[in-house]
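Peer 1:
2 protein chains.
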Amino acid sequence: MTATAPRPTLEAVAARAGVSRATVSRVVNGGDGVREPLVERVRKAVEELGYVPNQAARSLVTRRHDAIAVVVAEPETRVFADPFFALQLRGISKELTAHDNQLVLLLTEGRDDHARVGRYLAGGHVDGALVFSLHLDDPLPELIQRAGVPTVFGGRPDWSGDRRGVVYVDSDNRGGARDAVRHLAGLGRTRIAHITGALDQTSAVDRLDGYRDVMVDADPRLIVEGDFTPAGGERAMRELLARCPDLDAVFAANDLSAAGALRVLREAGRRVPDDVAVVGFDDMLPVAEQTEPSLTTIRQDIEEMGRLMARLLLRGLERDAAELGIGAAPSSVVLPTTLVRRASA
Amino acid sequence: MTATAPRPTLEAVAARAGVSRATVSRVVNGGDGVREPLVERVRKAVEELGYVPNQAARSLVTRRHDAIAVVVAEPETRVFADPFFALQLRGISKELTAHDNQLVLLLTEGRDDHARVGRYLAGGHVDGALVFSLHLDDPLPELIQRAGVPTVFGGRPDWSGDRRGVVYVDSDNRGGARDAVRHLAGLGRTRIAHITGALDQTSAVDRLDGYRDVMVDADPRLIVEGDFTPAGGERAMRELLARCPDLDAVFAANDLSAAGALRVLREAGRRVPDDVAVVGFDDMLPVAEQTEPSLTTIRQDIEEMGRLMARLLLRGLERDAAELGIGAAPSSVVLPTTLVRRASA
DNA sequence: ATGAAAGCGCTAACAG
DNA sequence: CTGTTAGCGCTTTCAT
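For the record, the sequence lines run as chains A and B. If you want this note's numbering, it's the 1-based position in the first sequence plus 9. If you want this note's numbering, it's the 1-based position in the second sequence plus 9.
(1) Look up Phe94 (chain A) in the DSSP assignment and say whether it is helix, strand or coil.
(2) Within a Cβ cutoff of 7 Å, which residues of the same chain sit near Tyr156 (chain B), ignoring the five residues on either side of it in sequence?
(3) Relative to the C-alpha of Ala392 (chain B), which candidate in B:Ala338, B:Gly137, B:Arg187 and B:Thr32 has its C-alpha closest?
(4) Could you tell me the distance, in whole angstroms, from the CA atom of Glu20 (chain B) to the CA atom of Ile101 (chain B)?
(5) Measuring CB to CB, does Ala258 (chain A) end up less than 8 Å from Val296 (chain A)?
(6) Please report the straight-line C-alpha distance between Gly184 (chain A) and Phe237 (chain B), rounded to a whole angstrom.
(7) Name the chain B residues that come within less than 8 Å of Ala202 (chain A), Cβ to Cβ?
(8) Excluding sequence positions up to five away, which residues of its chain have a Cβ less than 6 Å from the Cβ of Ser180 (chain B)?
(9) Give, in chain order, every unbroken run of the alpha helix (DSSP H) that is at least 4 residues long and sits entirely within the stretch 189-233 of chain B.
(10) Can you list, in chain order, the residues of its chain with a C-beta nearer than 7 Å to that of Val214 (chain B)? Leave out the 5 residues immediately preceding and following it.
(11) For Ala354 (chain B) and Leu114 (chain B), what's the separation of their Cα atoms in angstroms?
(12) If distances are taken between C-alpha atoms only, which option among A:Ile311, A:Arg16 and A:Ser340 comes closest to His134 (chain B)?
(13) On a CA-only basis, which of A:Leu231, A:Thr205 and A:Ser169 is nearest Thr199 (chain A)? Give me that one, please.
(14) Is the beta carbon of Val288 (chain B) closer than 8 Å to that of Arg247 (chain B)?
(15) Does Gln64 (chain A) come out as helix, strand or coil in the three-state DSSP assignment?
(16) Does the beta carbon of Val88 (chain B) come closer than 8 Å to any beta carbon on chain A?
(17) So which residues on chain A does Phe94 (chain B) lean against when the C-beta distance must stay under 8 Å?
(18) Strictly under 8 Å for the Cβ-Cβ distance: is Gly2 (chain B) near chain A by that measure?
(19) As an exercise, report each continuous beta strand (DSSP E) stretch of at least 3 residues that is fully enclosed by the stretch 149-177 of chain A, in chain order.
(20) Give, in chain order, every residue of the stretch 113-134 of chain B whose Cβ lies closer than 8 Å to some Cβ of chain A.
(21) So, does the CB of Gln210 (chain A) fall closer than 8 Å to a CB anywhere in chain B?
(22) With a cut-off of 8 Å, do at least 3 Cβ pairs link the stretch 68-76 of chain A to the stretch 35-43 of chain A?
(23) So, using beta-carbon positions, are Met314 (chain A) and Val223 (chain A) closer together than 8 Å?
(24) Of all the residues that make up the stretch 235-263 of chain B, which are near chain A by a beta-carbon distance shorter than 8 Å?
(25) Arg316 (chain A) CB to nearest chain B CB: under 8 Å?
(26) Which residues of chain B have a Cβ atom closer than 7 Å to the Cβ of Leu143 (chain A), listed in chain order?
(27) For Leu98 (chain A), would you say it is in contact with chain B, using Cβ-to-Cβ distances shorter than 8 Å as the test?
(28) Does Ala270 (chain B) pass the burial test, meaning 16 or more other C-beta atoms within 10 Å, or should it be called exposed?
(29) Closer than 9 Å by beta-carbon distance: list the chain B residues that pair up with Glu301 (chain A), in chain order.
(30) From the beta carbon of Ala66 (chain B), is the nearest beta carbon of chain A less than 8 Å away?
(31) To the nearest angstrom, report how far apart Ile204 (chain A) and Tyr220 (chain B) are at their CA atoms.
(32) Contact criterion: CB-CB distance below 8 Å. Does Glu20 (chain B) meet it with respect to chain A?
(33) First and last residue of the beta strand (DSSP E) that includes Arg308 (chain A)?
(34) Along chain A, which residues have their Cβ under 7 Å away from the Cβ of Gln111 (chain B)?
(35) For Pro17 (chain B), which three-state DSSP category applies?
(36) Kindly indicate which three-state DSSP category Ser180 (chain A) falls into: helix, strand or coil?
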């Protein structure tokens, strides 16, 4: 907790190097159009004084902040139950760092915070935003749209409003789900059940759609709603066992609910994978590797999703700056998933 | 990805309200010393124009940013394996939000990033920093000390340098470890083993010390080094079983390694808790509740740690601002832990 | 290629 | 109590 010392200004550097402020500014910003000897002198002065530009002063004139906001809505939900969030952030951080941008984190706890976030975004404190809106009825996307901040969404947002220009990055939830179910089918299973995720999130809906793509005329009783939690998985599994004692496979919407299902199956005396094969989704290591038996699941590259979101946003900002119509506005990306085979299926 | 519109300035609000910029500024910043009718007029103008202060301009003169940096060193390690990080952040975020401060997240990937972080911190972009330095030999604390930014550390930093004024928030790792071991002893166990964490982190060292506090003259073979991972836990457990087949309890430095140990015990045909009782540390829900049997462990209030760090820092900043000697500089805090009893011990 | 000068939007003395 | 004024540190025309 030490106090902070006064820092040297451009003026000071200029004086020391015997040039004008303008010249120092040029050098600091890349040094184009300044003759080598001067560049050298200025660099030296900067070094000696330990000069660091004052970002506030710079932003005031450039109207750029080299900062982007990461908005995470309602963390209580999924975000804090798994490393998802952290990995995503890591990817984002890496990309932003590579482009000298700062990451301003905005966590919201329920509706009360939306106004705050809206105000902040509208306040022009950041150049853009990366938004994770988990729930279908989330008003945040609208809010942000109105704030007029360039934005990339994490996960396909469910949006009743104008979709033009909405950019998002998502995993191929539907395709991944199809792969999971096909894998099960390939194992010779025919009574394949599905434990859904919380259906107010697009990822859960998409995974359910993927399941249906393969199980076109599945017994509707084979589908039970879960909520992405282990407890939900247990509940759903019990329900399934009661409804369809003859099931021979389960595709759970995520690893956490698969873990719950596994526990119930064991209690019920069903052997996995012999009697019932189980596939999860996410490949959340601490869970998938720890279950008994270890979990076959669908992996998504979370970190890459984060990186991509940042890349897309930054690219969009450059384009904005250049005011070019060419190079087209960035468009949404859906990342592939892969099946990771372990012991459960 | 929409473009951002030009925003109204203080000037514009002043014009609309028919007052001077200074008056508007006063109103915007609390409105002390401005007569009610004027306050009202200005508020209305602000509302109508949708005015939001330009933070850059404000910072330029006040030299405050109302932003603090959260520095997380080397995320690959522990941070991304569990919800620790996310919870900590949530606590920090809540506290900062309550005081209208922004959270700037700085993630570092190895040494190369240290210079960048040092530069940023020294650059006076934030009013203070919250730093998580996990490893004993981390040069980051030194760097930050030099940058002269008010800082609070998460977890006791191992610091060879000047300790004066170093403020940190930590869990009572040592006390928690003692509780864990005493609990085991209370169960009548006498051959209590310890799987340590990565001993380049103070938390691991402190937990080991706690174990030793109780097992004053323990068989040294009962202590095996782990690394906080499930794989490390497995390895350590195998080693322990080979060395001391007669052990009747294990205290693992965290839940993840306890999970690994549990698996090895099961493979070895040892019943838990009948043959061997097991206690973990952290109470990391997705793990502790999922193990077979569920894990008895030491809980730390992670979110509260985060909140407290932020509170301490902000308090220190206020004090700095007030330049008061009274109210003493904030000092470190060690939070209590609690034993959570489940099935494993 | 370099320098001089004019602000960016805001706060903080200082007058009145 | 309210308005006037002088910058905060930087970038950016515009001259030279």
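The C-beta atom is built at its ideal place from N, Cα and C for all residues, glycine as well.
Peer 2: Let me spell this out:
(1) Translated into positions along the first sequence, residue 94 (chain A) becomes position 85. Here Phe94 (chain A) sits in helix by DSSP.
(2) One-based indexing of the second sequence puts residue 156 (chain B) at position 147. Before going on, a small fix: residue 156 (chain B) reads as Ala here, not Tyr. Result list for Ala156 (chain B): Gly127, Leu130 and Ala131, in chain order.
(3) As displayed, chain B neither begins before 10 nor continues past 354, which places residue 392 (chain B) out of reach and without an answer.
(4) On the second sequence, position 11 is the one that residue 20 (chain B) refers to. On the second sequence, position 92 is the one that residue 101 (chain B) refers to. Cα-Cα distance, rounded: 36 Å.
(5) Taking the first residue of the first sequence as position 1, residue 258 (chain A) is located at position 249. Taking the first residue of the first sequence as position 1, residue 296 (chain A) is located at position 287. Cβ atoms of Ala258 (chain A) and Val296 (chain A): not closer than 8 Å.
(6) If you number the first sequence from 1, residue 184 (chain A) lands on position 175. If you number the second sequence from 1, residue 237 (chain B) lands on position 228. Their Cα atoms are separated by approximately 35 Å.
(7) Sequence index remark: in the first sequence, residue 202 (chain A) carries index 193 (1-based). For Ala202 (chain A), no chain B residue has a C-beta closer than 8 Å to its own C-beta; the minimum C-beta separation is roughly 21 Å.
(8) Sequence index remark: in the second sequence, residue 180 (chain B) carries index 171 (1-based). Contacts found: Gln309, Leu344 and Thr346.
(9) 211-223, all fully within the stretch 189-233 of chain B.
(10) Sequence index remark: in the second sequence, residue 214 (chain B) carries index 205 (1-based). Sequence-distant partners of Val214 (chain B) (beyond 5 residues in either direction) whose C-beta falls short of 7 Å from its own C-beta, in its chain, are Leu208.
(11) If you number the second sequence from 1, residue 354 (chain B) lands on position 345. If you number the second sequence from 1, residue 114 (chain B) lands on position 105. Their Cα atoms are separated by approximately 39 Å.
(12) Locating residue 134 (chain B) in the second sequence gives position 125, counting from the first residue. Each of A:Ile311, A:Arg16 and A:Ser340 was checked against the Cα of His134 (chain B), and the nearest Cα belongs to A:Arg16.
(13) Taking the first sequence and counting its residues from 1, the one referred to as residue 199 (chain A) is at position 190. With distances taken between Cα atoms, Thr199 (chain A) lies closest to A:Leu231.
(14) Working through the second sequence from its first residue, we reach residue 247 (chain B) at position 238. Working through the second sequence from its first residue, we reach residue 288 (chain B) at position 279. Contact: no.
(15) In the first sequence, residue 64 (chain A) corresponds to position 55, counting from 1. Helix, per DSSP.
(16) Start at 1 with the first residue of the second sequence, and residue 88 (chain B) comes out as number 79. Residue placement at Val88 (chain B) cannot be trusted, given a pLDDT of 48 that sits under 50; the coordinates are not used to answer.
(17) For this step, residue 94 (chain B) is matched to residue 85 along the second sequence. Contact of Phe94 (chain B) with chain A by beta-carbon distance below 8 Å involves Ala95.
(18) Lying outside 10 to 354, the shown extent of chain B, residue 2 (chain B) is not represented and no answer is given.
(19) Counting whole runs of 3 or more residues, the stretch 149-177 of chain A contains the beta strand (DSSP E) stretches 160-163.
(20) Cβ contacts with chain A come from Val113, Leu114, Leu115, Leu116, Glu118, Asp122, Arg125, Arg128, Tyr129, Ala131, Gly132, Gly133 and His134.
(21) Counted from its first residue, the first sequence places residue 210 (chain A) at position 201. No, its Cβ sits nowhere closer than 8 Å to a Cβ of chain B.
(22) Two segments are said to touch when three or more pairs of C-beta atoms, one from each, lie closer than 8 Å; by this definition the stretch 68-76 of chain A does not touch the stretch 35-43 of chain A.
(23) Taking the first sequence and counting its residues from 1, one reaches residue 314 (chain A) at position 305. Taking the first sequence and counting its residues from 1, one reaches residue 223 (chain A) at position 214. For Met314 (chain A) and Val223 (chain A), no; Cβs fall outside 8 Å.
(24) Along the stretch 235-263 of chain B, going in chain order, the ones with a CB nearer than 8 Å to a CB of chain A are Pro239.
(25) Within the first sequence, residue 316 (chain A) is the residue found at index 307, counting from 1. No, Arg316 (chain A) lies away from the interface with chain B (no Cβ there is under 8 Å from its Cβ).
(26) Residue mapping note: residue 143 (chain A) aligns to position 134 of the first sequence, counting from 1. Those do not exist, as Leu143 (chain A) stays about 14 Å from chain B at its closest Cβ, beyond 7 Å.
(27) Within the first sequence, the letter at position 89 stands for residue 98 (chain A). At least one CB of chain B lies nearer than 8 Å to the CB of Leu98 (chain A).
(28) For this step, residue 270 (chain B) is matched to residue 261 along the second sequence. With 16 or more other Cβ atoms from the protein chains shown falling within 10 Å of its own Cβ, Ala270 (chain B) counts as buried.
(29) Locating residue 301 (chain A) in the first sequence gives position 292, where the first residue counts as 1. Correct list: Arg272, Arg275 and Glu301.
(30) Locating residue 66 (chain B) in the second sequence gives position 57, where the first residue counts as 1. For Ala66 (chain B), the answer is yes, since a Cβ of chain A falls inside 8 Å of its Cβ.
(31) The sequence position of residue 204 (chain A) within the first sequence is 195, counting from 1. The sequence position of residue 220 (chain B) within the second sequence is 211, counting from 1. Taking the straight line joining both Cα atoms gives about 43 Å.
(32) For the purposes of this step, residue 20 (chain B) is taken as the residue at position 11 of the second sequence. Chain A contact via Cβ: absent.
(33) Residue mapping note: residue 308 (chain A) aligns to position 299 of the first sequence, counting from 1. In this chain, the beta strand (DSSP E) harbouring Arg308 (chain A) covers Thr306 to Arg308.
(34) Taking the first residue of the second sequence as position 1, residue 111 (chain B) is located at position 102. Residues of chain A passing the Cβ test: Val113.
(35) By 1-based counting over the second sequence, the position of residue 17 (chain B) is 8. In the displayed model, Pro17 (chain B) falls within coil according to three-state DSSP, outside both helix and strand.
(36) Residue numbering aside, residue 180 (chain A) sits at position 171 when the first sequence is read from its first letter. The answer is strand: DSSP assigns Ser180 (chain A) an E or B state.
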